[in-house]
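Take a look at the structure below.
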Amino acid sequence: MSDSINHNQREELHRTIWAIANDLRGAVDGWDFKQYVLGMLFYRYISENLRNFINKNEHAFGNTSFDYAKIPDELAETQRQEMLKSKGFFILPSELFTTMRDKAPHDPDLNITLGNVFRNIEGSTKGTASEENFKGLFDDLDVNSQRLGSSVKERNERLVNLLNKIGDLPLGSVQDNHIDAFGDAYEYLMGMYASAAGKSGGEFFTPQDVSELIAKLTLVGKESVNKVYDPAYLTGVIMDRT
Numbered sequence: 002m003s004d005s006i007n008h009n010q011r012e013e014l015h016r017t018i019w020a021i022a023n024d025l026r027g028a029v030d031g032w033d034f035k036q037y038v039l040g041m042l043f044y045r046y047i048s049e050n051l052r053n054f055i056n057k058n059e060h061a062f063g064n065t066s067f068d069y070a071k072i073p074d075e076l077a078e079t080q081r082q083e084m085l086k087s088k089g090f091f092i093l094p095s096e097l098f099t100t101m102r103d104k105a106p107h108d109p110d111l112n113i114t115l116g117n118v119f120r121n122i123e124g125s126t127k128g129t130a131s132e133e134n135f136k137g138l139f140d141d142l143d144v145n146s147q148r149l150g151s152s153v154k155e156r157n158e159r160l161v162n163l164l165n166k167i168g169d170l171p172l173g174s175v176q177d178n179h180i181d182a183f184g185d186a187y188e189y190l191m192g193m194y195a196s197a198a199g200k201s202g203g204e205f206f207t208p209q210d211v212s213e214l215i216a217k218l219t220l221v222g223k224e225s226v227n228k229v230y231d232p233a234y235l236t237g238v239i240m241d242r243t
């Protein structure tokens with residue numbers, strides 16, 4: 002049953018990514034398209050990660066109606082330093098992925114707004130231990146690129162479409178999914194565009210099945226582990242498998 006669920010979730014994710022590719026086809030080169038999707042996907046991921054983390058803490062203290070996305074930025078600022086210690090980055094409610102997605106169709110300066118949001122996210126990490134990890138994170142997601150359209154209006158229309166498509170991806174939560182949706186989307190995009198673009202991208206990621214095998218081997222004879230070291234993952238960082 003688990004293998005069937007894995008297959009169904011992965012197929013649904015791949016179909017949605019393919020639909021995004023069709024919407025942008027002819028406007029953005031395959032390799033560059035991958036960067037746009039991954040950049041926006043990561044933007045959604047860290048937004049939801051921070052929002053869920055704060056909401057969970059507030060709900061645990063009895064404030065069950067609290068939603069970080071709905072509080073004023075001024076109030077959110079009081080949690081900035083604590084979040085930088087806990088998460089390593091900070092995003093204001095007005096700059097969360099869901100907030101931007103809702104406002105995007107009505108923002109004639111969306112490209113400028115998104116550019117500022119990405120700079121603010123990177124800027125929030127300055128002086129922290131995570132600064133190097135976030136430095137230049139959104140450089141490949143050029144919201145002012147001519148490849149998105151010859152006019153600001155055309156570029157913003159594609160950005161709205163991209164926000165909506167990424168927002169519709171069935172990622173759910175880790176507990177609700179039997180696959181690593183973010184990692185699987187990355188692997189699918191690499192396989193989809195690396196060879197077609199004439200660029201060798203395979204060496205820059207570890208296939209999901211290999212990572213799972215490493216984790217299982219590490220668990221042999223142990224009741225639990227906190228982290229697994231994968232030397233083939235990017236620059237050999239520590240992967241959290243909990």
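Mapped onto my numbering, the consecutive letters of the sequence shown carry residue numbers 2 to 243.
By construction, the Cβ of each residue, glycine as well, lies at the ideal position given by its N, Cα and C atoms.
Applying the 10 Å Cβ sphere with the 16-neighbour rule, what's the burial state of Glu83? exposed
For Pro94, count the other beta carbons within 10 Å of its own beta carbon; 16 or more makes it buried, fewer makes it exposed. Which is it? buried
Leu97 and Arg52 closer than 8 Å at C-beta: yes
For Glu59, which residues in the same chain have their Cβ closer than 7 Å to its Cβ, ignoring the five residues on either side in sequence? Phe67
Just to confirm, are Ile72 and Lys166 a CB contact at a threshold of 8 Å? no
Span separating the alpha-carbon of Tyr44 from that of Pro109: 21 Å
Starting from the Cα of Asp24, find the closest Cα among Glu155, His107, Met101, Ser131 and give me that residue. Glu155
Euclidean distance between Cα positions of Glu133 and Glu123: 10 Å
Beta-carbon gap between Asn112 and Val144 smaller than 8 Å: yes
Neighbourhood of Ala105 by C-beta, 6 Å cutoff - its chain only, sequence neighbours within 5 removed: Leu111, Val161, Leu164
Proximity below 8 Å, CB of Leu14 to CB of Leu170: yes
What distance in whole Å lies between the Cβ atoms of Tyr69 and Asn56, which are believed to be in contact at a cut-off of 8 Å? 6 Å
Where are the alpha helix (DSSP H) runs, 4 residues long or more, that stay fully inside the segment 29-66, in chain order? 31-61
Give a yes or no on whether the C-beta atoms belonging to Arg159 and Gly150 are separated by under 8 Å. yes
Does DSSP put Lys127 in a helix, a strand or coil? coil
Going by CA-CA distance only, name the one from Leu85, Gly137, Phe139 that's closest to Gly128. Leu85
Would you mind sorting Asn157 into buried or exposed? The rule is 16 or more other CB atoms within 10 Å of its CB. buried
How far does the alpha helix (DSSP H) with Thr100 in it reach, from first residue to last? 98-104
Where does Pro109 sit, in a helix, a strand or coil, going by DSSP? coil
Cβ of Phe91 within 8 Å of Cβ of Ser131? no
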